[in-house]
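To keep things clear, I will list the structure first and then write my remarks on it.
Protein chains: 4
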Amino acid sequence: MASITIRSDVTVKLVNVSANDAMVAKAARVSTIGKQSAADDLPTEGLINFLMRDRHGSPFEHNSFTFLVEAPIFVAREHMRHRSGWSYNEESGRYKELEGAFYVPSDDRSIVQVGKPGAYEFVPGNLRQKRTASRSLPSAYTFAYEHYEDLIHNGIAREVARMVLPVGTFTSYYATCNARSLMHFLSLRTISVDARFPSFPQREIEMVAERMEREFRESMPHTHAAFVKHGRVAP
Amino acid sequence: MASITIRSDVTVKLVNVSANDAMVAKAARVSTIGKQSAADDLPTEGLINFLMRDRHGSPFEHNSFTFLVEAPIFVAREHMRHRSGWSYNEESGRYKELEGAFYVPSDDRSIVQVGKPGAYEFVPGNLRQKRTASRSLPSAYTFAYEHYEDLIHNGIAREVARMVLPVGTFTSYYATCNARSLMHFLSLRTISVDARFPSFPQREIEMVAERMEREFRESMPHTHAAFVKHGRVAP
Amino acid sequence: MASITIRSDVTVKLVNVSANDAMVAKAARVSTIGKQSAADDLPTEGLINFLMRDRHGSPFEHNSFTFLVEAPIFVAREHMRHRSGWSYNEESGRYKELEGAFYVPSDDRSIVQVGKPGAYEFVPGNLRQKRTASRSLPSAYTFAYEHYEDLIHNGIAREVARMVLPVGTFTSYYATCNARSLMHFLSLRTISVDARFPSFPQREIEMVAERMEREFRESMPHTHAAFVKHGRVAP
Amino acid sequence: MASITIRSDVTVKLVNVSANDAMVAKAARVSTIGKQSAADDLPTEGLINFLMRDRHGSPFEHNSFTFLVEAPIFVAREHMRHRSGWSYNEESGRYKELEGAFYVPSDDRSIVQVGKPGAYEFVPGNLRQKRTASRSLPSAYTFAYEHYEDLIHNGIAREVARMVLPVGTFTSYYATCNARSLMHFLSLRTISVDARFPSFPQREIEMVAERMEREFRESMPHTHAAFVKHGRVAP
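Protein chains in written order, with our numbering: chain P, 1 to 235; chain F, 1 to 235; chain D, 1 to 235; chain W, 1 to 235.
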């Protein structure tokens, strides 16, 4: 029987970063500092706030974050829908044999959905439901991975064998973005109940987003603060 | 036991198209036709050839193709890696219950890979291998879909239940592109043994690409001919 | 003496369009209509409102508008800063001799700026100022175009001669976009005093934007209405 | 009389860089290194060559170059036509008074164009032509800048006054890109007589490109070598 690994977490590692608040201000000031203009006395923090409020987005693009993410395929699928300002490289089920690591929600993840489309809420679920999920998912994963390994051992091409692997299988990918594209991602992939900019992401991609947001806040504290202040929407 | 549907094909339906060779020429000529310039006597076909050869790509962007594609998730995954000049909307495993349709390669699809990375070739496979694949895939799909339906019936959220569904599950999506982004897609997703621009796509996404290429050739015959003539690489 | 043409208007001609509200709804519904889901009874208008409010932007991308614009170079410069979802072809000062058409603001265009950065306002200007502008601009244009023609007639390359031409010189270009990228353009290039999404474009690019907005409203009335209702900001 | 500055050079300063060959290899290897795959023994240099040859472009995107460019407006115009993978911030003729610095070709720049469209060549020009250019350009620039300053001094808004400024006026802008988008730029903006990928850029944007290429080669020598080896075309 195939031995599989069960994980309830995701991993986000900051591999490279070239980003700070000062460069945002520098890029913005190229527009304005001139021969006879009054000296631009606005300090960096105030300038960043002004840019965020008035939706001057381009000064937030002259920087770069590269992350290495380990997450289930269904998360990678949602992530890679973000096209503008994002670059990706993902492990390939054509070029390598995939490892048997699979995602199962942790105990505190609400797994029952109530309400109507556009206004869903999640509740923990009763004991029976929790038991069903915690048994059914690993069982399905194990069966699938046994078939995958069997196909591989019979000489079937990896690109064919992988067809049986579930979207709960872990994958890993590099993702590179700039602060503007990252804020756009965060605005849609973290929960927001702000009536102006509501968003209801799936919990698992929010886990990725939360880890990225920590790195973003660390590198660009004033930019992050302005993002939060102005409704968590990208400029 | 869950009843599932097995498919060995993909569907590509042209939903909207606003594209022709004449508009390519018109867009290119805005650069050149002027007061005192000699009349631009080059006919459309010759002009398109010149643009393709000299890699003037932008005149090929003023048009639009919208396709509705039905294909397995692993194909959609590869497709959506094309970011520039492509727009997508896909059915959602969060918002709806997914149907039990799954992909199994047809008998004439080579399923055994030989050779080294960068120079793989595919061969049909022996009888035992064909039998393994044709039994194993449906068996894995059925087991997975039974678990999916069971989770749904137990009230587990769709976005959790879908974790067990394999990447061989059919999905459907709208994909909109222009001729330039389409040519880029075709150059990478159809087989090319041209030593200058080799490409070795997985057969299943090539099936999507072939169907798109037919529509492209139909709408823009001169552009398609020039694309083929100049090595099947996007300008 | 060179004979030049003075214009105070811009031209925006819709060359091709493949866009309607129904396709927005169709693209959105691919996400949701399913086997056991309740029938999606929301009519097109309501669905579009919901998409706009919740910032589901991708369903607005499966359409295409191609415009032919005649406007001064400084307007084209601002326009082409819009990268995402826009395609351009412009007449070339390298490949053709440029015509002597130049922009002068009309009488009712306020030409004096008061206030501080971030809160500028424009006022008409006094008689002396109006007179200065209406004399000085054509005088500068004429002098520049005389030098341009003289350089050309002396056999200097067009790409060198054009260096003297002012940014008030008319150019023409094709611009292709989809409804989402168009709404982003409109949100920044038409005046908005909405405290949440202020924008203060230069009047001349707003003239282009207003003409494009008319075509947009014509082709996609429900989408346009939802855009206006939700603060004139792109989803 | 207005005092203007004449320049025959452009400036390209590398402001930030986060780029090296090792990261290209790391991004590529995420696809292939696996549990049971043979160790990926290909050294970085060979791997990069393989990626370039087979047009695997995405591993070249996980890096970032930020340049500060000083160049005439007609160069900035051509540069900003590069949309994909490029970010820009430019000084603004609306927000500041522009300095009177203008471009005049140096003595060794060929200023006479011979041949037909698609096959132009440049020759130095005779003495009379050189004299015409070296007199006419500064004369036109001076006249234009006098009018600009006069309009400003009369209280006319900067955004109106700048209409008279020629495209030979210097501007400055930040430009951020990754190695892939930079290679695409270099492939089109440096001269190539390679029959497969010809390109005939204007000399002034080539001056910008040459300076960027030096920085690129410095940071990513193996990537640069592979780019040159495979015909100076972006993967």
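Ideal Cβ placement from N, Cα and C applies to all residues, glycine included.
The structure displayed is predicted, hence computed values, not measured ones.
Do Glu159 (chain P) and Gln129 (chain F) have their C-beta atoms closer together than 8 Å?
The residue given as residue 159 (chain P) occupies position 159 in the first sequence. The residue given as residue 129 (chain F) occupies position 129 in the second sequence. The criterion of a C-beta distance shorter than 8 Å is not satisfied by Glu159 (chain P) and Gln129 (chain F).
To the nearest angstrom, report how far apart Phe60 (chain D) and Ala140 (chain W) are at their CA atoms.
For the purposes of this step, residue 60 (chain D) is taken as the residue at position 60 of the third sequence. For the purposes of this step, residue 140 (chain W) is taken as the residue at position 140 of the fourth sequence. For the pair Phe60 (chain D) and Ala140 (chain W), the Cα-to-Cα distance works out to about 47 Å.
From Asn49 (chain P) to Ala71 (chain D), what does the alpha carbon distance come to, in whole angstroms?
Numbered from 1 along the first sequence, position 49 holds the residue referred to as residue 49 (chain P). Numbered from 1 along the third sequence, position 71 holds the residue referred to as residue 71 (chain D). Asn49 (chain P) and Ala71 (chain D): Cα-Cα distance of roughly 33 Å.
Backbone CA spacing between Asn20 (chain W) and Gly100 (chain D) [nearest angstrom]:
Locating residue 20 (chain W) in the fourth sequence gives position 20, where the first residue counts as 1. Locating residue 100 (chain D) in the third sequence gives position 100, where the first residue counts as 1. The C-alpha of Asn20 (chain W) lies about 48 Å from the C-alpha of Gly100 (chain D).
Between which two residues does the alpha helix (DSSP H) carrying Arg29 (chain W) extend?
Working through the fourth sequence from its first residue, we reach residue 29 (chain W) at position 29. DSSP places Arg29 (chain W) inside the alpha helix (DSSP H), whose first and last residues are Asp21 to Arg29.
Check each residue of the region 40-74 of chain W: if its Cβ is closer than 7 Å to any Cβ of chain F, include it; give the result in chain order.
Within the region 40-74 of chain W, the qualifying residues are Phe50, Asp54 and Arg55.
Helix, strand or coil: how does DSSP classify Val12 (chain W) here?
The sequence position of residue 12 (chain W) within the fourth sequence is 12, counting from 1. For Val12 (chain W), the secondary structure class from DSSP, reduced to helix, strand or coil, is strand.
Buried or exposed, going by whether 16 or more other CB atoms sit within 10 Å of the CB of Lys229 (chain W)?
Here residue 229 (chain W) is taken as the residue at index 229 of the fourth sequence, counted from 1. That one is exposed.
Quick one, which residues of the region 131-146 of chain F are near chain P if we go by CB-CB under 8 Å, in chain order?
Residues Thr132, Ala133, Ser136, Leu137, Ser139, Ala140, Tyr141, Phe143 and Ala144.
So Ser172 (chain F) contacts chain D; which residues on that side make the cut at Cβ distance below 8 Å?
Here residue 172 (chain F) refers to the residue found at position 172 of the second sequence. Here the neighbours are Val30.
Boundaries of the alpha helix (DSSP H) in which Ile152 (chain W) is found, first to last residue:
In the fourth sequence, residue 152 (chain W) corresponds to position 152, counting from 1. Per DSSP, the unbroken alpha helix (DSSP H) holding Ile152 (chain W) starts and ends at Leu127 to His153.
Using a Cβ-Cβ cutoff of less than 6 Å, which residues in the same chain neighbour Tyr148 (chain W) once the five nearest sequence positions on both sides are dropped?
Position 148 of the fourth sequence holds residue 148 (chain W). Excluding positions up to five away in sequence, the list reads Ala161, Val164 and Leu165.
Which chain W residues are close to Pro198 (chain F), counting only those with a beta carbon under 9 Å from its beta carbon?
Start at 1 with the first residue of the second sequence, and residue 198 (chain F) comes out as number 198. Those within 9 Å of Pro198 (chain F) in chain W are Arg53, Asp54 and Arg55.
Which residue's Cα is closest to the Cα of Leu85 (chain P): P:Glu146, P:Asp108, P:Glu45 and P:Ala179?
For the purposes of this step, residue 85 (chain P) is taken as residue 85 along the first sequence, with counting starting at 1. Note on residue identity: the sequence assigns Gly, not Leu, to residue 85 (chain P). If we check each option's Cα against that of Gly85 (chain P), P:Ala179 comes out closest.
Which chain F residues sit within Cβ distance under 8 Å of Ser18 (chain W)?
Walking along the fourth sequence from the start, residue 18 (chain W) turns up at place 18. Per Cβ cutoff of 8 Å: no residues; Ser18 (chain W) is ~21 Å from chain F at best.
At a CB-CB cut-off below 7 Å, which residues of chain F make contact with Ala157 (chain P)?
Residue mapping note: residue 157 (chain P) aligns to position 157 of the first sequence, counting from 1. Under the 7 Å cutoff, chain F gives Ile111, Val112, Gln113 and Phe122.
Going by beta carbon distance, what residues of the same chain come within less than 8 Å of Pro221 (chain W), once the five residues before and after it are set aside?
What you label residue 221 (chain W) is simply residue 221 of the fourth sequence in a count that begins at 1. Once the five neighbours on either side are set aside, the close Cβ partners of Pro221 (chain W) are Asp21.
Contact check, Thr190 (chain P) vs Ala209 (chain P) under 8 Å by CB: the rounded distance?
The count along the first sequence starts at 1 and reaches residue 190 (chain P) at position 190. The count along the first sequence starts at 1 and reaches residue 209 (chain P) at position 209. With a beta-carbon spacing of about 5 Å, Thr190 (chain P) and Ala209 (chain P) fall inside the 8 Å limit used to define contacts.
As a quick exercise: from P:Val104, P:Ala25, P:Asp108 and P:Leu68, pick the residue whose alpha carbon is nearest that of His56 (chain P).
As a working note, residue 56 (chain P) is residue 56 in the first sequence. Answer by Cα proximity: P:Ala25.
Note down, in chain order, every chain P residue with its Cβ under 8 Å from the Cβ of Gly168 (chain F).
As a working note, residue 168 (chain F) is residue 168 in the second sequence. By Cβ distance, chain P contributes Met163 and Val164.
What separation, rounded to the nearest whole angstrom, lies between the Cα atoms of His184 (chain F) and Val17 (chain W)?
As a working mapping, residue 184 (chain F) is identified with position 184 in the second sequence. As a working mapping, residue 17 (chain W) is identified with position 17 in the fourth sequence. Distance between the alpha carbons of His184 (chain F) and Val17 (chain W): 29 Å.
Whole angstroms are fine: how far does the CA of Phe200 (chain D) sit from the CA of Glu218 (chain P)?
In the first sequence, counting from the first residue as 1, residue 218 (chain P) sits at position 218. In the third sequence, counting from the first residue as 1, residue 200 (chain D) sits at position 200. About 33 Å.
Looking at C-alpha atoms only, which residue of F:Pro235, F:Ala234, F:Val10 and F:Phe197 is the closest neighbour of Phe102 (chain F)?
Walking along the second sequence from the start, residue 102 (chain F) turns up at place 102. Of F:Pro235, F:Ala234, F:Val10 and F:Phe197, the residue nearest in Cα terms is F:Val10.
Excluding the five sequence neighbours on either side, which residues of its own chain have a C-beta within less than 6 Å of the C-beta of Glu78 (chain D), listed in chain order?
As a working mapping, residue 78 (chain D) is identified with position 78 in the third sequence. Counting only Cβ-Cβ distances below 6 Å, and skipping sequence neighbours, we find Ile205.
Compare the C-beta of Met80 (chain F) against all C-beta atoms of chain P and say whether one is closer than 8 Å.
Translated into positions along the second sequence, residue 80 (chain F) becomes position 80. Interface annotation, Met80 (chain F): in contact with chain P, CB-CB separation under 8 Å.
Go through the region 47-105 of chain F residue by residue and report every complete run of the beta strand (DSSP E) that reaches 3 residues or more, in order.
As summarised for the region 47-105 of chain F, the continuous beta strand (DSSP E) elements at least 3 residues long and confined to that stretch are 64-72, 86-90 and 101-103, given in chain order.
Can you check whether the CB of Val69 (chain W) is closer than 8 Å to the CB of Val12 (chain W)?
As a working note, residue 12 (chain W) is residue 12 in the fourth sequence. As a working note, residue 69 (chain W) is residue 69 in the fourth sequence. In contact: Val12 (chain W) and Val69 (chain W) (Cβ atoms closer than 8 Å).
With DSSP collapsed to three states, give me the class of Pro166 (chain F).
If you number the second sequence from 1, residue 166 (chain F) lands on position 166. Three-state DSSP puts Pro166 (chain F) in a strand.
Spatially closest choice to Pro43 (chain F) from F:Arg53, F:Asp54 and F:Arg29, by CA coordinates:
If you number the second sequence from 1, residue 43 (chain F) lands on position 43. Closest by alpha carbon: F:Arg29.
Enumerate in chain order the residues of its own chain whose CB-to-CB distance from Pro124 (chain F) is below 6 Å, with the five nearest sequence positions on each side excluded.
For the purposes of this step, residue 124 (chain F) is identified with residue 124 of the second sequence, where counting begins at 1. Only Ser110 meet the Cβ criterion.
Residue-level contact to chain D via CB, Ala226 (chain F), 8 Å cutoff
As a position in the second sequence, residue 226 (chain F) is number 226, starting the count at 1. Chain D places no beta carbon closer than 8 Å to that of Ala226 (chain F), leaving this residue out of the contacts.
Apart from the five residues on each side of it in sequence, which residues of its chain come closer than 8 Å, Cβ to Cβ, to Pro138 (chain D)?
As a first step, residue 138 (chain D) is located in the third sequence; it is residue number 138 there, counting from the start. Take Pro138 (chain D), set aside five residues on each side of it, and the residues of its chain with a beta-carbon closer than 8 Å to its own are Ile4, Ile6, Phe102 and Val104, in chain order.
Quick check: is the beta carbon of Ser84 (chain W) nearer than 8 Å to any beta carbon in chain F?
Within the fourth sequence, numbered from 1, the residue matching residue 84 (chain W) stands at position 84. So yes, Ser84 (chain W) belongs to the interface.
Taking DSSP as the reference, what is the three-state secondary structure of Val208 (chain P)?
Locating residue 208 (chain P) in the first sequence gives position 208, where the first residue counts as 1. Three-state result, Val208 (chain P): helix.
Which of the three DSSP states, helix, strand or coil, is assigned to Thr196 (chain P)?
Against the first sequence, residue 196 (chain P) aligns to sequence position 196. Reading off the sequence, residue 196 (chain P) comes out as Arg, not Thr. Note: Arg196 (chain P) maps to coil in three-state DSSP.
Can you find a C-beta in chain P that's less than 8 Å from the C-beta of Ala76 (chain W)?
Taking the first residue of the fourth sequence as 1, we reach residue 76 (chain W) at position 76. Not closer than 8 Å to any Cβ of chain P, the Cβ of Ala76 (chain W) fails to qualify, so no.
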